[in-house]
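*Asks:* Supplied in C-alpha coordinates, the structure appears directly below.
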Amino acid sequence: MRAVVLRELGEPEVLKVEDIPEPAIENPTEIKVRIMAAGVNPVDTKIRQRGVFTDSGLPAVLGCDGAGIVVECGDSVTHFRPGDEVWYCNGGLGGLQGNYAEYAVLDETVCCRKPASLDFAHAAAGPLVLITAWEAIFGRGRMTDGMTLLVHAGAGGVGHVAIQLAKQAGIRVLTTVSNQEKQEFVTELGADEVINYTQGGFIDEVMRLTDGRGADMVLDSVGGAVFSDSIAATAHYGDLVTLLDPGTGIEWKEARNRNLRIGFTLMLTPMLRHLPQARINQVAILSDCAEMIDSGCLKVAVNQVLPFERATEAHRLIEQGGMIGKLVLSSEA
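Heads up, the sequence shown is in UniProt numbering, so the first residue is 1 and it goes up one at a time.
Shown next, in the form of C-alpha coordinates:
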(Lines of atoms letter the chains of each structure in order from A and count residues from 1; the text may use other names and numbers.)
(Lines give C-alpha, C1' and ligand atoms only; values in the text may rest on other atoms or scores of the structure.)
Protein backbone atom coordinates (compact mmCIF):
# COMPACT_ATOMS: atom_id res chain seq x y z
CA MET A 1 0.00 0.00 0.00
CA ARG A 2 1.02 3.63 -0.37
CA ALA A 3 2.07 5.50 2.77
CA VAL A 4 3.99 8.59 3.83
CA VAL A 5 7.09 7.22 5.55
CA LEU A 6 9.54 8.90 7.93
CA ARG A 7 12.98 7.27 7.71
CA GLU A 8 15.14 10.08 9.10
CA LEU A 9 14.55 13.14 11.24
CA GLY A 10 14.64 16.60 9.79
CA GLU A 11 12.74 19.16 7.76
CA PRO A 12 9.41 18.32 6.07
CA GLU A 13 11.23 17.03 2.99
CA VAL A 14 12.23 13.87 4.87
CA LEU A 15 8.63 12.63 4.48
CA LYS A 16 8.49 10.30 1.46
CA VAL A 17 5.62 8.47 -0.23
CA GLU A 18 6.51 4.78 -0.50
CA ASP A 19 5.00 1.35 -1.03
CA ILE A 20 5.00 -0.60 2.23
CA PRO A 21 3.36 -3.89 3.28
CA GLU A 22 -0.36 -3.66 3.91
CA PRO A 23 -1.23 -4.31 7.58
CA ALA A 24 -3.16 -7.47 8.42
CA ILE A 25 -5.45 -8.39 11.31
CA GLU A 26 -3.50 -10.39 13.91
CA ASN A 27 -5.90 -10.40 16.88
CA PRO A 28 -9.60 -11.39 16.91
CA THR A 29 -10.76 -7.99 18.25
CA GLU A 30 -9.08 -5.97 15.53
CA ILE A 31 -10.60 -4.23 12.54
CA LYS A 32 -8.99 -3.17 9.29
CA VAL A 33 -9.85 0.31 8.03
CA ARG A 34 -9.43 1.83 4.62
CA ILE A 35 -8.22 5.30 5.56
CA MET A 36 -10.03 8.04 3.70
CA ALA A 37 -8.45 10.97 5.55
CA ALA A 38 -5.89 11.68 8.27
CA GLY A 39 -5.68 14.72 10.53
CA VAL A 40 -2.39 16.61 10.73
CA ASN A 41 -1.44 17.80 14.22
CA PRO A 42 1.52 19.74 15.64
CA VAL A 43 2.70 16.56 17.40
CA ASP A 44 3.33 15.05 13.95
CA THR A 45 5.81 17.80 13.11
CA LYS A 46 7.54 17.46 16.48
CA ILE A 47 8.01 13.72 15.99
CA ARG A 48 9.40 14.38 12.51
CA GLN A 49 11.95 16.76 14.00
CA ARG A 50 12.80 15.10 17.33
CA GLY A 51 12.01 11.40 17.01
CA VAL A 52 9.29 8.91 17.86
CA PHE A 53 7.97 8.27 21.36
CA THR A 54 8.69 4.53 21.36
CA ASP A 55 11.83 2.43 21.45
CA SER A 56 11.15 0.94 18.03
CA GLY A 57 12.66 3.92 16.22
CA LEU A 58 12.39 4.59 12.51
CA PRO A 59 10.99 4.06 9.95
CA ALA A 60 7.56 5.24 11.03
CA VAL A 61 4.24 6.28 9.55
CA LEU A 62 2.91 9.39 11.29
CA GLY A 63 -0.63 10.62 11.88
CA CYS A 64 -2.65 9.96 15.04
CA ASP A 65 -6.07 10.93 13.66
CA GLY A 66 -7.90 8.84 11.09
CA ALA A 67 -11.29 8.40 9.46
CA GLY A 68 -12.29 5.68 7.07
CA ILE A 69 -14.31 2.60 6.20
CA VAL A 70 -14.11 -0.79 7.91
CA VAL A 71 -13.13 -3.40 5.32
CA GLU A 72 -12.44 -6.44 7.53
CA CYS A 73 -13.19 -7.61 11.08
CA GLY A 74 -11.54 -10.09 13.41
CA ASP A 75 -13.53 -13.10 14.59
CA SER A 76 -14.37 -11.55 17.98
CA VAL A 77 -15.33 -8.06 16.79
CA THR A 78 -18.85 -7.19 18.00
CA HIS A 79 -19.26 -3.44 17.46
CA PHE A 80 -18.37 -3.08 13.79
CA ARG A 81 -18.85 -4.75 10.45
CA PRO A 82 -17.47 -4.11 6.96
CA GLY A 83 -18.85 -0.92 5.50
CA ASP A 84 -19.07 0.98 8.80
CA GLU A 85 -17.61 4.49 8.74
CA VAL A 86 -15.34 5.23 11.70
CA TRP A 87 -13.08 7.89 13.25
CA TYR A 88 -10.38 7.45 15.86
CA CYS A 89 -7.05 8.57 17.32
CA ASN A 90 -4.59 5.68 17.12
CA GLY A 91 -0.97 5.10 16.15
CA GLY A 92 1.43 7.58 14.61
CA LEU A 93 3.82 7.87 17.56
CA GLY A 94 6.29 5.22 16.45
CA GLY A 95 5.85 1.46 16.58
CA LEU A 96 2.14 1.32 15.85
CA GLN A 97 1.51 2.51 12.30
CA GLY A 98 -0.10 5.92 11.89
CA ASN A 99 -2.69 7.14 9.42
CA TYR A 100 -0.71 8.75 6.62
CA ALA A 101 -1.45 5.56 4.71
CA GLU A 102 -4.10 3.68 2.76
CA TYR A 103 -4.96 1.14 5.49
CA ALA A 104 -4.67 0.72 9.24
CA VAL A 105 -5.44 -2.10 11.69
CA LEU A 106 -6.64 -1.24 15.19
CA ASP A 107 -8.52 -2.77 18.09
CA GLU A 108 -12.25 -2.14 17.99
CA THR A 109 -12.18 -0.71 21.53
CA VAL A 110 -10.24 2.38 20.40
CA CYS A 111 -12.57 3.18 17.51
CA CYS A 112 -15.89 5.01 17.23
CA ARG A 113 -18.58 5.42 14.57
CA LYS A 114 -18.04 8.56 12.53
CA PRO A 115 -20.63 11.34 12.89
CA ALA A 116 -23.12 10.77 10.08
CA SER A 117 -23.20 14.46 9.23
CA LEU A 118 -19.43 14.75 8.64
CA ASP A 119 -17.44 13.90 5.56
CA PHE A 120 -14.22 11.95 6.10
CA ALA A 121 -11.98 15.03 5.99
CA HIS A 122 -13.84 16.81 8.80
CA ALA A 123 -14.05 13.59 10.81
CA ALA A 124 -10.30 13.02 10.54
CA ALA A 125 -9.69 16.54 11.84
CA GLY A 126 -11.55 15.94 15.08
CA PRO A 127 -10.47 13.15 17.46
CA LEU A 128 -7.22 14.44 18.98
CA VAL A 129 -8.38 18.03 19.47
CA LEU A 130 -11.85 17.08 20.72
CA ILE A 131 -10.54 14.63 23.32
CA THR A 132 -7.79 17.06 24.33
CA ALA A 133 -10.20 19.95 24.87
CA TRP A 134 -12.72 17.77 26.73
CA GLU A 135 -10.11 16.27 29.07
CA ALA A 136 -8.59 19.68 29.76
CA ILE A 137 -11.85 21.51 30.49
CA PHE A 138 -13.84 18.85 32.31
CA GLY A 139 -11.10 16.49 33.51
CA ARG A 140 -8.23 18.70 34.63
CA GLY A 141 -10.17 21.96 35.05
CA ARG A 142 -13.38 20.50 36.50
CA MET A 143 -15.32 23.30 34.82
CA THR A 144 -19.06 23.64 35.38
CA ASP A 145 -21.96 25.92 34.48
CA GLY A 146 -21.40 29.59 35.31
CA MET A 147 -17.60 29.47 35.55
CA THR A 148 -15.24 31.51 33.34
CA LEU A 149 -12.68 29.94 31.00
CA LEU A 150 -9.87 31.69 29.13
CA VAL A 151 -8.90 29.81 25.95
CA HIS A 152 -5.63 30.85 24.38
CA ALA A 153 -5.35 30.63 20.57
CA GLY A 154 -9.10 30.26 20.22
CA ALA A 155 -9.00 29.93 16.43
CA GLY A 156 -6.57 27.00 16.50
CA GLY A 157 -7.21 23.27 16.43
CA VAL A 158 -7.81 22.69 20.14
CA GLY A 159 -8.98 26.23 20.82
CA HIS A 160 -11.90 26.33 18.41
CA VAL A 161 -13.47 23.13 19.75
CA ALA A 162 -12.72 24.08 23.37
CA ILE A 163 -14.80 27.23 22.94
CA GLN A 164 -17.76 25.22 21.69
CA LEU A 165 -17.55 22.45 24.29
CA ALA A 166 -17.36 25.01 27.08
CA LYS A 167 -20.31 27.01 25.77
CA GLN A 168 -22.42 23.86 25.57
CA ALA A 169 -21.74 23.38 29.29
CA GLY A 170 -22.87 26.90 30.21
CA ILE A 171 -19.34 28.23 30.74
CA ARG A 172 -18.44 31.85 29.98
CA VAL A 173 -15.60 31.85 27.44
CA LEU A 174 -12.89 34.47 26.95
CA THR A 175 -10.39 33.80 24.20
CA THR A 176 -7.26 35.30 22.65
CA VAL A 177 -6.64 35.84 18.93
CA SER A 178 -4.17 37.77 16.79
CA ASN A 179 -6.28 39.39 14.07
CA GLN A 180 -9.74 40.45 12.91
CA GLU A 181 -10.37 37.33 10.82
CA LYS A 182 -9.81 35.10 13.84
CA GLN A 183 -11.90 37.39 16.01
CA GLU A 184 -14.87 37.00 13.67
CA PHE A 185 -14.32 33.22 13.55
CA VAL A 186 -14.33 32.68 17.32
CA THR A 187 -17.26 35.04 17.77
CA GLU A 188 -19.27 32.86 15.41
CA LEU A 189 -18.33 29.86 17.55
CA GLY A 190 -19.88 31.53 20.59
CA ALA A 191 -16.96 33.12 22.45
CA ASP A 192 -18.32 35.69 24.90
CA GLU A 193 -15.30 37.98 24.88
CA VAL A 194 -12.44 38.11 22.35
CA ILE A 195 -9.05 39.61 23.21
CA ASN A 196 -6.61 40.62 20.47
CA TYR A 197 -3.35 40.02 22.32
CA THR A 198 -1.35 41.99 19.73
CA GLN A 199 -2.93 45.17 21.06
CA GLY A 200 -1.36 45.19 24.49
CA GLY A 201 -1.30 41.65 25.86
CA PHE A 202 -4.14 39.88 27.62
CA ILE A 203 -3.70 40.05 31.41
CA ASP A 204 -5.21 43.49 31.96
CA GLU A 205 -8.13 42.74 29.66
CA VAL A 206 -8.90 39.44 31.39
CA MET A 207 -8.87 41.19 34.76
CA ARG A 208 -11.14 43.94 33.44
CA LEU A 209 -13.60 41.43 32.00
CA THR A 210 -13.70 39.46 35.26
CA ASP A 211 -13.90 42.47 37.61
CA GLY A 212 -10.38 41.84 38.83
CA ARG A 213 -10.98 38.20 39.70
CA GLY A 214 -9.34 36.37 36.80
CA ALA A 215 -10.52 33.30 34.90
CA ASP A 216 -11.53 30.19 36.84
CA MET A 217 -9.48 28.22 34.33
CA VAL A 218 -6.93 29.12 31.67
CA LEU A 219 -6.31 26.66 28.82
CA ASP A 220 -2.83 27.16 27.37
CA SER A 221 -1.89 25.66 24.01
CA VAL A 222 0.90 28.15 23.25
CA GLY A 223 3.46 27.77 26.04
CA GLY A 224 6.44 29.95 26.84
CA ALA A 225 5.63 33.48 27.96
CA VAL A 226 1.91 32.87 27.43
CA PHE A 227 1.96 30.18 30.11
CA SER A 228 3.94 32.36 32.51
CA ASP A 229 1.71 35.39 31.95
CA SER A 230 -1.40 33.27 32.42
CA ILE A 231 -0.60 32.82 36.10
CA ALA A 232 -1.60 36.44 36.73
CA ALA A 233 -4.80 36.00 34.69
CA THR A 234 -6.02 32.96 36.67
CA ALA A 235 -8.37 33.42 39.60
CA HIS A 236 -7.24 32.49 43.11
CA TYR A 237 -7.81 28.76 43.65
CA GLY A 238 -8.22 28.43 39.87
CA ASP A 239 -6.75 26.05 37.31
CA LEU A 240 -4.00 26.73 34.78
CA VAL A 241 -3.97 23.81 32.37
CA THR A 242 -1.36 23.52 29.63
CA LEU A 243 -0.95 21.14 26.71
CA LEU A 244 2.79 21.74 26.62
CA ASP A 245 5.94 21.47 28.71
CA PRO A 246 6.25 24.86 30.46
CA GLY A 247 10.01 24.56 30.36
CA THR A 248 12.49 25.97 32.86
CA GLY A 249 12.77 29.41 34.36
CA ILE A 250 9.13 29.72 35.42
CA GLU A 251 8.56 32.07 38.37
CA TRP A 252 6.10 30.08 40.51
CA LYS A 253 5.71 32.50 43.43
CA GLU A 254 2.47 34.12 42.20
CA ALA A 255 1.00 30.71 41.27
CA ARG A 256 1.66 29.55 44.83
CA ASN A 257 0.25 32.72 46.34
CA ARG A 258 -2.91 32.26 44.28
CA ASN A 259 -3.21 28.60 45.32
CA LEU A 260 -3.43 27.59 41.66
CA ARG A 261 -3.72 24.04 40.45
CA ILE A 262 -1.30 23.55 37.57
CA GLY A 263 -2.56 20.82 35.26
CA PHE A 264 -1.28 19.03 32.19
CA THR A 265 -3.31 17.48 29.40
CA LEU A 266 -1.69 15.01 27.01
CA MET A 267 -4.44 12.94 25.46
CA LEU A 268 -1.80 10.62 23.99
CA THR A 269 -0.85 9.29 27.45
CA PRO A 270 -3.26 6.30 27.34
CA MET A 271 -1.72 5.21 24.04
CA LEU A 272 1.87 5.86 25.16
CA ARG A 273 1.47 4.15 28.54
CA HIS A 274 -0.89 1.36 27.43
CA LEU A 275 -3.84 2.31 29.64
CA PRO A 276 -6.81 0.42 28.14
CA GLN A 277 -9.52 1.83 30.40
CA ALA A 278 -8.37 5.38 29.76
CA ARG A 279 -8.56 4.70 26.02
CA ILE A 280 -12.10 3.38 26.39
CA ASN A 281 -12.97 6.56 28.29
CA GLN A 282 -11.63 8.62 25.40
CA VAL A 283 -13.77 6.71 22.92
CA ALA A 284 -16.77 7.57 25.10
CA ILE A 285 -15.81 11.24 24.82
CA LEU A 286 -15.59 10.88 21.05
CA SER A 287 -18.99 9.22 20.96
CA ASP A 288 -20.51 12.10 22.92
CA CYS A 289 -18.88 14.57 20.54
CA ALA A 290 -20.32 12.68 17.57
CA GLU A 291 -23.82 13.16 19.00
CA MET A 292 -23.16 16.87 19.50
CA ILE A 293 -21.87 17.22 15.95
CA ASP A 294 -24.86 15.42 14.44
CA SER A 295 -27.22 17.58 16.51
CA GLY A 296 -25.61 20.69 15.06
CA CYS A 297 -24.19 22.18 18.26
CA LEU A 298 -20.50 21.37 17.60
CA LYS A 299 -18.41 21.71 14.48
CA VAL A 300 -14.86 20.94 13.44
CA ALA A 301 -13.27 23.57 11.20
CA VAL A 302 -11.03 22.36 8.38
CA ASN A 303 -8.72 24.98 6.93
CA GLN A 304 -7.38 22.95 4.03
CA VAL A 305 -7.51 19.41 2.62
CA LEU A 306 -4.43 18.14 0.79
CA PRO A 307 -3.70 14.78 -0.86
CA PHE A 308 -1.44 12.39 1.06
CA GLU A 309 1.32 13.07 -1.47
CA ARG A 310 1.51 16.66 -0.16
CA ALA A 311 2.27 15.76 3.45
CA THR A 312 5.48 17.78 3.22
CA GLU A 313 3.47 20.90 2.41
CA ALA A 314 1.04 20.17 5.24
CA HIS A 315 3.89 20.02 7.75
CA ARG A 316 5.30 23.32 6.48
CA LEU A 317 1.91 24.98 6.93
CA ILE A 318 1.55 23.63 10.48
CA GLU A 319 4.99 24.92 11.42
CA GLN A 320 4.22 28.40 10.08
CA GLY A 321 1.56 28.67 12.77
CA GLY A 322 -1.41 30.99 12.91
CA MET A 323 -3.81 28.63 11.17
CA ILE A 324 -7.55 28.74 11.66
CA GLY A 325 -8.91 25.24 12.30
CA LYS A 326 -7.25 22.04 11.14
CA LEU A 327 -5.26 20.60 8.22
CA VAL A 328 -6.17 17.22 6.73
CA LEU A 329 -4.58 14.75 4.32
CA SER A 330 -7.06 12.88 2.14
CA SER A 331 -6.98 9.98 -0.27
CA GLU A 332 -9.86 11.69 -2.08
CA ALA A 333 -8.29 15.16 -2.46
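Cβ atoms here follow ideal geometry from the backbone N, Cα and C, with glycine treated the same way.
(1) Contact check, Val43 vs Ala153 under 8 Å by CB: the rounded distance?
(2) In this structure, how does DSSP classify Gln199 when only helix, strand and coil are distinguished?
(3) Within its chain, find whatever has a CB closer than 6 Å to the CB of Ala290; leave out the 5 residues flanking it on each side and keep chain order.
(4) Check Met267 in the structure and name its three-state DSSP category.
(5) Measure the alpha-carbon distance for Glu108 versus Phe185 and round it to whole angstroms.
(6) Is Glu160 near Ala67, with beta carbons less than 7 Å apart?
(7) On the CB-based measure, 16 or more other CB atoms within 10 Å of its CB, does Gln282 come out buried or exposed?
(8) Pull up the distance between the alpha-carbon of Gly156 and that of Leu327, whole angstroms please.
(9) Which residue or residues does DSSP assign as beta-bridge partners of Thr175?
(10) Could you check what DSSP says for Asp19 in three-state terms: helix, strand or coil?
(11) Give the range of the alpha helix (DSSP H) segment to which Gln168 is assigned.
(12) Is the beta carbon of Glu188 less than 7 Å from the beta carbon of Ile195?
(13) Is the separation between the beta-carbon of Val158 and that of Ala166 shorter than 7 Å?
(14) Looking at the secondary structure, which residues open and close the beta strand (DSSP E) in which Trp87 lies?
(15) Kindly indicate which three-state DSSP category Pro115 falls into: helix, strand or coil?
(16) Let me know if Pro270 comes out buried or exposed under the rule of 16 or more other beta-carbons within 10 Å of its beta-carbon.
(17) Under 7 Å, do residue 355 and Val61 count as touching if we go by C-beta distance?
(18) Going by Cα to Cα distance, which pick from Asn259, Arg273, Leu240 and Ala225 is closest to Thr248?
(19) Excluding the 5 residues flanking Ala133 on each side, which residues of the same chain have their C-beta closer than 7 Å to its C-beta?
(20) Just the Cα atoms here: how many angstroms apart are Leu298 and Leu275?
(21) Would you decide whether Pro23 is buried or exposed? Buried here means 16 or more other CB atoms lie within 10 Å of its CB.
(22) Taking the beta strand (DSSP E) that Ser287 falls in, what are its first and last residues?
(23) Near Val129, which residues of its chain fall below 6 Å by C-beta distance, leaving aside the five closest residues on each side in sequence?
(24) Assign Asn259 to one of two classes, buried (16 or more other C-beta atoms within 10 Å of its C-beta) or exposed (fewer than that).
(25) Assign Leu189 to one of three DSSP states: helix, strand, or coil.
(26) Quick one: Cα of Arg50 to Cα of Gly57, how far?
(27) Does the beta-carbon of His315 have 16 or more other beta-carbons within 10 angstroms, so that it is buried, or is it exposed?
(28) Hey, Leu149 and Met217 are a contact pair by Cβ (cut 8 Å); roughly how many whole angstroms apart?
(29) Please list the terminal residues of the continuous alpha helix (DSSP H) segment that includes Leu311.
(30) On the CB-based measure, 16 or more other CB atoms within 10 Å of its CB, does Tyr103 come out buried or exposed?
*Replies:* Reading it off the structure:
(1) So it is not a contact: roughly 15 Å between Cβ atoms.
(2) helix
(3) Pro115
(4) coil
(5) 36 Å
(6) The sequence given here places His at residue 160; Glu does not occur at that position. Against a cut-off of 7 Å, the Cβ pair of Ala67 and His160 comes out as no contact.
(7) buried
(8) 11 Å
(9) Val151 and Val194
(10) strand
(11) Gly157 to Gln168
(12) no
(13) no
(14) Glu85 to Cys89
(15) coil
(16) buried
(17) Nothing can be reported for residue 355: it is not among the residues displayed for the chain, which extend from 1 to 333.
(18) Ala225
(19) Val158, Val161, Ala162 and Leu165
(20) 28 Å
(21) buried
(22) Counting along the chain, Ser287 falls outside any beta strand (DSSP E), though it belongs to the alpha helix (DSSP H) covering Pro276 to Ser295.
(23) Gly157, Val158 and Val161
(24) exposed
(25) helix
(26) 11 Å
(27) buried
(28) 5 Å
(29) Note that residue 311 is Ala in the sequence shown here, rather than Leu. Element bounds for Ala311: Ala311 to Gln320.
(30) buried
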